[in-house]
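Numbering (the numbering used here), first residue to last: 2 to 101.
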């Protein structure tokens, strides 16, 4: 399930890359290959597994329910860090404007 989450994160990153075939090949292939290497698998095995779960809709739905929760946790954590960073920047800017 962690691999599938990471695949979706790479998919999301790919939306920020110019959507030309060259850029998708240049940036996408290496990212997916690195993921498969990290999880000790390959694209053929991943696709085979995905096809299996596509034929098991109840199991697939349970997996995606968990995946959505885990992605929400990641998103919330990143949002919290971003708010803190933004707050610190505002304080720093305010301190720079104060007369010394």
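Ideal Cβ positions, reconstructed from N, Cα and C, are used throughout, including at glycine.
Note that the structure is predicted; figures quoted are calculated from it, not measured.
Spatial neighbours of residue 63 within its chain, please: C-beta separation below 7 Å, excluding the five flanking residues on both sides.
To locate residue 63, count along the chain shown from 1; it is residue 62. The answer is none, since no qualifying residue turns up.
I need the straight-line Cα distance from residue 44 to residue 88, nearest angstrom please.
For the purposes of this step, residue 44 is identified with residue 43 of the chain shown, where counting begins at 1. For the purposes of this step, residue 88 is identified with residue 87 of the chain shown, where counting begins at 1. Rounded to whole angstroms, the separation of the alpha carbons of residue 88 and residue 44 is 42 Å.
Please report how far the alpha carbon of residue 2 lies from the alpha carbon of residue 83, in whole angstroms.
As a working note, residue 2 is residue 1 in the chain shown. As a working note, residue 83 is residue 82 in the chain shown. Each residue's alpha carbon lies about 27 Å from the other.
Which of the three DSSP states, helix, strand or coil, is assigned to residue 2?
As a first step, residue 2 is located in the chain shown; it is residue number 1 there, counting from the start. Coil, per DSSP.
Can you list, in chain order, the residues of its chain with a C-beta nearer than 8 Å to that of residue 9? Leave out the 5 residues immediately preceding and following it.
Here residue 9 is taken as the residue at index 8 of the chain shown, counted from 1. Within the same chain, Cβ atoms closer than 8 Å to the Cβ of residue 9 are found at 68, 72, the five residues on either side in sequence being excluded.
With a CB to CB cut of under 8 Å and the five nearest residues on each side skipped, what residues in its chain are close to residue 54?
Working through the chain shown from its first residue, we reach residue 54 at position 53. Excluding residues within five positions, the ones whose Cβ falls inside 8 Å are 60, 61, 64.
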